[in-house]
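Data first, discussion second: the structure below is written as structure tokens.
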Amino acid sequence: MGSRDLAGKGAIITGSSRGIGAATAQLIGARGAGVVVNYRAKAPRANKVVKGIEEAGGRAVAVQADLTESEGARALTDAAVENFGSLDLLVLNASGGMEADRGEDYALSLNRDAQVNMVKTAMPVMPRGAQIVFVTSHQAHFIHEVSTMDAYEPVARSKRAGEDALREMVPALDERGITLTVVSGDMIEGTITATLLNRAEPGAIEARREAAGKLYSVEEFAAEIAAMVGKEGLKQAHTELVGGAGDFLARSR
16 MGSRDLAGKG AIITGSSRGI GAATAQLIGA RGAGVVVNYR AKAPRANKVV KGIEEAGGRA
76 VAVQADLTES EGARALTDAA VENFGSLDLL VLNASGGMEA DRGEDYALSL NRDAQVNMVK
136 TAMPVMPRGA QIVFVTSHQA HFIHEVSTMD AYEPVARSKR AGEDALREMV PALDERGITL
196 TVVSGDMIEG TITATLLNRA EPGAIEARRE AAGKLYSVEE FAAEIAAMVG KEGLKQAHTE
256 LVGGAGDFLA RSR
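Heads up, the sequence shown is in the working numbering, so the first residue is 16 and it goes up one at a time.
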């Protein structure tokens, strides 16, 4: 894969002012894509990500958008087309629901409804050959077969609902020649979700580390997401289980 294989392409990475989204944005920017860095509230963090991409020779722009509001998706889509000429890659990384202050419907609103709305808004401007990547966790992907920590269950169920809703859109994506790829990872060391979970259930992360053998860092997981971007021969709606999911697969049989 050439180091500038995404030159001339436009990308949106939702929730990319920090963590996995920010690390993915850096990697995609380094491959030549123009990147829309999306943040909900923290402009300085997003601007820092943009600066990092630009310093590495890439192109990026920070755009404030709350994906749970309909105009949020429109703002991101418009920014990609206006700044970079096209929207060839949409990485659906933003997720949440552990926040106590956003109301009980927030997890479904963000993890399902906002994802579907983002795709519906983006699809009309995405060319044939474009790609949508939905980032999820093994805890969410396998929630129907394998139970998760109580504190995470509402988030896991809402993320699985989001994944299912996107899979239902495959016929529409097929018509437009757009590929959906699902990337599922385990708990990621150092993320806000892991921190909140460990606070809610002390020892939870340690237990996952033991069961999995290893938990990925933010940078390692971002590299796995980026490796799926533009990968040759990916089937429609392929699910990439990052770091294996042996204990989930064993328990879901």
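Virtual Cβ for every residue (Gly too), placed ideally from N, Cα, C.
Because the structure is a prediction, the values reported are computed rather than measured.
Next on the checklist: Just to confirm before moving on: does the CB-CB distance between I240 and V150 stay below 9 Å?
Outcome noted: yes
Next on the checklist: Measuring only the C-alpha atoms, how far is F263 from E97?
Outcome noted: 43 Å
Next on the checklist: Beta-carbon within less than 6 Å of G34's beta-carbon, same chain only, minus the 5 sequence neighbours each way: which residues are those?
Outcome noted: T206 and V233
Checklist entry - For S152, is the classification buried or exposed, using 16 other Cβ atoms within 10 angstroms of its Cβ as the cut-off for buried? => result buried
Checklist entry - By the 10 Å Cβ neighbour count, where 16 or more other Cβ atoms means buried, how is G30 classified, buried or exposed? => result buried
Checklist entry - First and last residue of the alpha helix (DSSP H) that includes F236? => result V233 to M243
Item to check | Sequence ranges, alpha helix (DSSP H) only - wholly within the segment 152-177, length at least 4 | outcome: 153-156
Checklist entry - Using the C-alpha atoms, what's the distance from E70 back to G25? => result 18 Å
Checklist entry - What first and last residue would you give for the beta strand (DSSP E) that runs through A196? => result Residue identity check: residue 196 is Thr in the sequence provided, not Ala. First-last of the beta strand (DSSP E) with T196: T194 to G200.
Next on the checklist: Let's test the definition: count the other Cβ atoms within 10 Å of the Cβ of D120 and tell me whether it reaches 16, buried, or not, exposed.
Outcome noted: exposed
Checklist entry - Which value, in whole angstroms, describes the spacing of the CA atoms of E255 and V197? => result 6 Å
Checklist entry - On the premise that F99 lies in contact with G49, defined as a C-beta separation below 8 Å, what is that separation, rounded to the nearest angstrom? => result 3 Å
Checklist entry - Taking K57 as the reference, which of V65, S32 and V148 has the closest Cα? => result S32
Next on the checklist: If contacts are defined as beta-carbon pairs under 8 Å, then N126 and S173 qualify, I think. What distance do you get, rounded to the angstrom?
Outcome noted: 4 Å
Item to check | Per DSSP, the bridge partner or partners of E204 | outcome: S232
Checklist entry - Tell me the DSSP bridge mates of V150? => result V198
Checklist entry - Under a three-way DSSP split, which group does E255 fall into? => result strand
Item to check | Local Cβ density within 10 Å of D116, reported as buried at 16 or more and exposed below that | outcome: exposed
Checklist entry - What number of angstroms, rounded off, separates the C-alpha of L104 from the C-alpha of D189? => result 15 Å
Checklist entry - Do you know how far the Cα of A88 is from the Cα of A137? => result 8 Å
Item to check | Burial state of H159 (16 or more Cβ within 10 Å) | outcome: exposed
Checklist entry - Among A109, Q146 and L249, which one has its Cα closest to the Cα of D128? => result A109
Item to check | A227 and M243 closer than 9 Å at C-beta | outcome: no
Item to check | P169 and A215 closer than 9 Å at C-beta | outcome: no
Next on the checklist: Measuring alpha carbon to alpha carbon, tell me which residue in P186, Q251, I27 and A37 is nearest M272.
Outcome noted: The structure shown does not extend to residue 272, since the chain is modelled only from 16 through 268, so no value can be given for it.
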